[in-house]
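This report refers to the structure that appears directly beneath it.
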Amino acid sequence: QKEVEQNSGPLSVPEGAIASLNCTYSDRGSQSFFWYRQYSGKSPELIMFIYSNGDKEDGRFTAQLNKASQYVSLLIRDSQPSDSATYLCAVTSGTYKYIFGTGTRLKVLA
Amino acid sequence: SAVISQKPSRDICQRGTSLTIQCQVDSQVTMMFWYRQQPGQSLTLIATANQGSEATYESGFVIDKFPISRPNLTFSTLTVSNMSPEDSSIYLCSVEGGQGRRTDTQYFGPGTRLTVL
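Each protein sequence line maps, in turn, to chains A and B. Using the numbering used here, the first residue of the first sequence is number 19, and each one after it goes up by one. Using the numbering used here, the first residue of the second sequence is number 34, and each one after it goes up by one.
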């Protein structure tokens, strides 16, 4: 069964620090990788997507993909209390089906 | 940005009854999806709904329990039938593509919080 694994956390970081969130996946044929942010009581919101090995930066967010090691990570620089949320990793395969990880809860301490 | 709405936003229902959840999108989309998210858990795909064809259900979900309609390219409904307390969850619809949105990315509605007593 295809799986996407995340550490459930909580991951606590002080305000201004870098938060590093990790995700591993089992299907080597996976093609697209997404990070969603979900605030408590709200629906998931797309914040990053990445298709190719390497880094992709968007503001304070950097997604990193390593297909050989089958992991994707999300770095949040200059973390703010407003970044406190659950971050969901999602992966799609050749069947175009999304598989979500269980999410990592991030707490940014003021 | 995407405008995806769901009705109702929340409901409290009695055991044995049914609830129909509506999902409306601001532009035409081919693929619509229904998910369930139980408290403290991640998202579980219930089914994929394409306009003009029967919904495709994931393992563990059946049409009799979760009938889905997709009458056009901007609207879908999910019915939770013969409810039990185990059906208490957040139900989310999502779409791929549409105006101003990537076609290979899913965008979520605000969700329907269902409590079954």
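The beta carbon of each residue, even a glycine, is placed where N, CA and C say it ideally should be. Keep in mind it's a predicted model, so treat the numbers as computed, not measured.
Which residues in the same chain as residue i place their Cβ atom closer than 7 Å to its Cβ, once the five residues preceding and following it in sequence are excluded?
| i | result |
| --- | --- |
| Leu142 of chain A | Chain A is shown only over 19 to 128; residue 142 of chain A falls outside these bounds and no answer can be derived. |
| Thr138 of chain B | Glu129 |
| Thr42 of chain A | Glu23, Gln88 and Tyr89 |
| Lys85 of chain A | Asn71 |
| Ala35 of chain A | Ser97 |
State yes or no: is the beta carbon of residue i nearer than 8 Å to at least one beta carbon in chain B?
| i | result |
| --- | --- |
| Gly119 of chain A | yes |
| Leu106 of chain A | yes |
| Tyr89 of chain A | no |
With residue i as the anchor, note down where its beta strand (DSSP E) starts and where it stops.
| i | result |
| --- | --- |
| Tyr54 of chain A | Ser50 to Gln56 |
| Arg123 of chain A | Thr122 to Leu127 |
| Val95 of chain B | Run containing Val95 of chain B: none; DSSP gives neither H nor E here. |
| Lys60 of chain A | Lys60 of chain A -> no beta strand (DSSP E), and no H or E assigned at all. |
Cβ of residue i less than 8 Å from any chain A Cβ?
| i | result |
| --- | --- |
| Thr148 of chain B | no |
| Gln139 of chain B | yes |
| Gly49 of chain B | no |
| Gly93 of chain B | no |
| Pro72 of chain B | no |
| Pro41 of chain B | no |
| Leu76 of chain B | yes |
| Leu111 of chain B | no |
| Pro104 of chain B | no |
| Gly144 of chain B | yes |
| Leu52 of chain B | no |
Starting from the C-beta of residue i, find all residues in its chain whose C-beta is less than 8 Å away, skip the five residues before and the five after it, and write them out in chain order.
| i | result |
| --- | --- |
| Gln49 of chain A | Tyr69, Thr110, Ser111 and Gly112 |
Suppose the cutoff is 6 Å on Cβ atoms and the five residues either side in sequence are ignored; what does the same chain contact list for residue i look like?
| i | result |
| --- | --- |
| Leu78 of chain B | Tyr68 and Glu91 |
| Ala37 of chain A | Val31, Ile94, Ser97 and Leu124 |
| Ile101 of chain B | Ala80, Ala82, Ala88 and Leu111 |
| Leu76 of chain B | Tyr68 and Gln70 |
| Asp59 of chain B | Val36 |
Where the stretch 43-67 of chain A meets chain B: residues whose CB sits under 7 Å from a CB there: Cβ contacts with chain B come from Ser50, Phe52, Ser61, Pro62, Leu64 and Phe67.
Segment contact, 8 Å Cβ cut-off, at least three pairs: the stretch 133-148 of chain B with the stretch 41-49 of chain B: yes
The stretch 51-62 of chain B / the stretch 109-127 of chain B touching (three or more Cβ pairs under 8 Å): Taking 8 Å as the limit for Cβ pairs, the verdict is that the stretch 109-127 of chain B does touch the stretch 51-62 of chain B.
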